[in-house]
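*Asks:*
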Amino acid sequence: MKEFEYKHLRDAYGEILVELGEKYKDIVVLDADLSSSTRTAKFGEKFPERFFNIGVSEQDLMSTAAGLAIAGKRPFVSTFAVFAAGRAWEQIRQSIAYANVNVKIVASHGGITVGEDGATHQMLEDFAIMRVLPNMKVFCPADYYETKILIRKVFESDGPSYVRLSRAKFPVIFDETHDFEIGKAQVLKEGKDLTAVGVGITVHGLLITAEELEKEGISIEVINSPSIKPLDGETILNSARKTGKVFVAEEHSVIGGLGSAISEFLSQHYPTKMKFHGIKDIFGRSGNATELLRFYGLDPEGIKREIQKFLKDNA
């Protein structure tokens with residue numbers, strides 16, 4: 020099996036914020052007393068006059084960002100995903116999404132890979148509650164390099180966006196040449212027996228699984244879908260027509276996430292056999308990131324096991 024380098028997505032975020040801040044003087048960055056963890060501290064050190072620590076007051080964080088956007092600034096807002104998407108949801112709905120203002124919410128520490136902080140801090144519902152909001156775009160990058168290009172493209176887009184990043188390091192699967200386009204998925208490996216769609220950490224697991232199953236004569240088409248909303252229905256539809264079966268893996272509840280978004284689309288255009296693989300309508304638990312991915316079957320071995328079962332049940 021190929022050896023992968025591991026890097027923090029939030030390091031990429033901190034670095035690209037500084038790059039953008041040097042070029043665009045209207046960028047402001049807001050944090051809720053977690054700038055060391057979210058890596059917005061990098062921007063604060065370089066541009067202290069454009070950095071605002073709002074303190075442990077996430078509702079104020081979002082409302083202040085909305086006001087700065089209305090005043091002509093281009094705000095990036097960061098805190099942990101459980102606080103950004105959860106505690107401040109009403110302010111995001113009323114002041115950012117409803118007003119359709121140009122605020123970029125980049126939330127770190129999403130998913131079960133938050134690890135030892137446990138269920139209270141493992142945000143597994145953010146794709147669902149963010150994508151349901153009109154005007155809100157929702158993204159989750161697969162690695163360090165995709166984070167960099169995604170943040171840049173999100174900044175260049177108009178209107179509100181939500182980006183989920185991780186606490187743990189993710190395997191590096193791309194390089195500096197990798198590109199990202201809002202509303203587009205990428206076919207990373209072509210296949211004919213199954214369409215496997217991933218987002219975030221699961222993209223790595225799907226690539227490993229596809230490589231291993233190819234040795235057994237099973238051909239898996241792997242699609243990376245960092246753009247959850249808008250969804251690239253066309254790419255997924257074309258693949259589903261070819262394979263007839265769709266498997267979705269995500270570090271999120273199986274209710275309301277990427278799998279749900281794909282099912283909503285395919286049910287109207289090409290009803291297809293589907294399997295949602297994620298967190299099965301339960302809360303997380305404490306443990307290190309590697310242990311938790313294994314426990315919930317979201318490591319390469321668990322993903323392979325679920326794909327094999329899905330193919331067997333639908334042979």
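Each residue of the sequence shown is one higher than the one before, starting from 20 at the first, in the working numbering. The beta carbon of each residue, even a glycine, is placed where N, CA and C say it ideally should be.
Please list the terminal residues of the continuous alpha helix (DSSP H) segment that includes E81.
*Replies:* Correcting the residue identity first, residue 81 is Met in this sequence and not Glu. DSSP places M81 in the uninterrupted alpha helix (DSSP H) bounded by E77 to I89.
*Asks:* Quickly, what does DSSP pair F70 with across the bridge? List them, please.
*Replies:* Per DSSP, V48.
*Asks:* Three or more beta-carbon pairs under 8 Å between the segment 97-109 and the segment 232-244, yes or no?
*Replies:* With a cut-off of 8 Å, the segment 232-244 and the segment 97-109 do not count as touching, because too few Cβ pairs lie within range.
*Asks:* Using a Cβ-Cβ cut-off of 7 Å (strictly less than) and excluding sequence neighbours within five positions of N72, which residues of its own chain qualify?
*Replies:* D50, D52 and S54
*Asks:* Report the start-end ranges of each alpha helix (DSSP H) in the segment 200-279 that is 4 residues or longer and not cut off at the edges.
*Replies:* 221-233 and 252-262
*Asks:* Can you tell me the Cα-Cα spacing of F199 and L226, whole angstroms?
*Replies:* 18 Å
*Asks:* Tell me whether N121 is buried or exposed, calling it buried when 16 or more other Cβ atoms sit within 10 Å of its Cβ.
*Replies:* buried
*Asks:* Kindly indicate the opening and closing residues of the beta strand (DSSP E) around A126.
*Replies:* K123 to A126
*Asks:* What three-state label does DSSP hand P319 in the structure shown?
*Replies:* It is helical.
*Asks:* Let me confirm a value: E165 is counted as buried when at least 16 other C-beta atoms fall within 10 Å, else exposed. Which label applies?
*Replies:* buried
*Asks:* Assuming T59 contacts V47 under a Cβ cut-off of 8 Å, what Cβ separation, rounded to an integer in Å, is found between them?
*Replies:* Contact doesn't hold; Cβ gap of about 11 Å is too wide.
*Asks:* In the DSSP assignment, what are the bridge partners of S305?
*Replies:* Beta-bridge analysis with DSSP links S305 to no other residue.
*Asks:* How is H296 classed by DSSP in three states: helix, strand or coil?
*Replies:* strand
*Asks:* Who are the Cβ neighbours of H27 in its own chain at under 6 Å, not counting the five residues just before and after it?
*Replies:* K188
*Asks:* Does H288 come out as helix, strand or coil in the three-state DSSP assignment?
*Replies:* helix
*Asks:* Within 10 Å of its beta-carbon, does K299 have 16 or more other beta-carbons around it, so buried, or fewer, so exposed?
*Replies:* exposed
*Asks:* Write down the C-beta distance between Y163 and V191 rounded to the nearest angstrom, noting that I regard them as a contact closer than 8 Å.
*Replies:* 6 Å
*Asks:* Would you say the segment 169-182 touches the segment 29-40, given that touching needs at least three Cβ pairs under 8 Å?
*Replies:* yes
*Asks:* Buried or exposed, going by whether 16 or more other CB atoms sit within 10 Å of the CB of G129?
*Replies:* buried
*Asks:* In whole angstroms, give me the CA-to-CA distance for P153 and Q113.
*Replies:* So the two alpha carbons sit approximately 11 Å from each other.
*Asks:* Is the segment 318-328 close to the segment 219-233, with three or more CB pairs under 8 Å?
*Replies:* yes
*Asks:* For the segment 157-187, which segments carrying the alpha helix (DSSP H) assignment without a break, of at least 4 residues, lie completely within its bounds, in sequence order?
*Replies:* 163-175
*Asks:* My understanding is that E144 touches G40, with C-beta atoms under 8 Å, so please give their C-beta distance in whole angstroms.
*Replies:* Not quite, the Cβ-Cβ distance comes to about 31 Å (not below 8 Å), so this is no contact.
*Asks:* Since R93 is in the alpha helix (DSSP H), which residue starts that stretch and which ends it?
*Replies:* That residue, R93, is in no alpha helix (DSSP H); its beta strand (DSSP E) goes R93 to S97.
*Asks:* Would you mind reading off the limits of the alpha helix (DSSP H) that contains Y32?
*Replies:* L28 to K42
*Asks:* Just verifying my parser: in three-state terms, what is the DSSP assignment at G129?
*Replies:* If DSSP states are grouped into helix, strand and coil, G129 belongs with the strands.
*Asks:* Which residue wins for smallest C-alpha separation from G306, given the options Q141, A204, I124 and S244?
*Replies:* Q141
*Asks:* Would you kindly check if the distance between the Cβ of A215 and the Cβ of I255 is under 8 Å?
*Replies:* no
*Asks:* How far does the alpha helix (DSSP H) with F146 in it reach, from first residue to last?
*Replies:* In the DSSP assignment, F146 falls within the alpha helix (DSSP H) that extends over D145 to R150.
*Asks:* Any idea which residues DSSP pairs L189 with across the strands?
*Replies:* The sequence given here places Phe at residue 189; Leu does not occur at that position. DSSP, once it has assigned bridges, lists K26 as partnering F189.
*Asks:* Among residues of its own chain, excluding the 5 on either side of L311, which ones have a beta-carbon nearer than 6 Å to its beta-carbon?
*Replies:* I131
*Asks:* According to the Cβ coordinates, are V273 and M293 closer than 8 Å?
*Replies:* no
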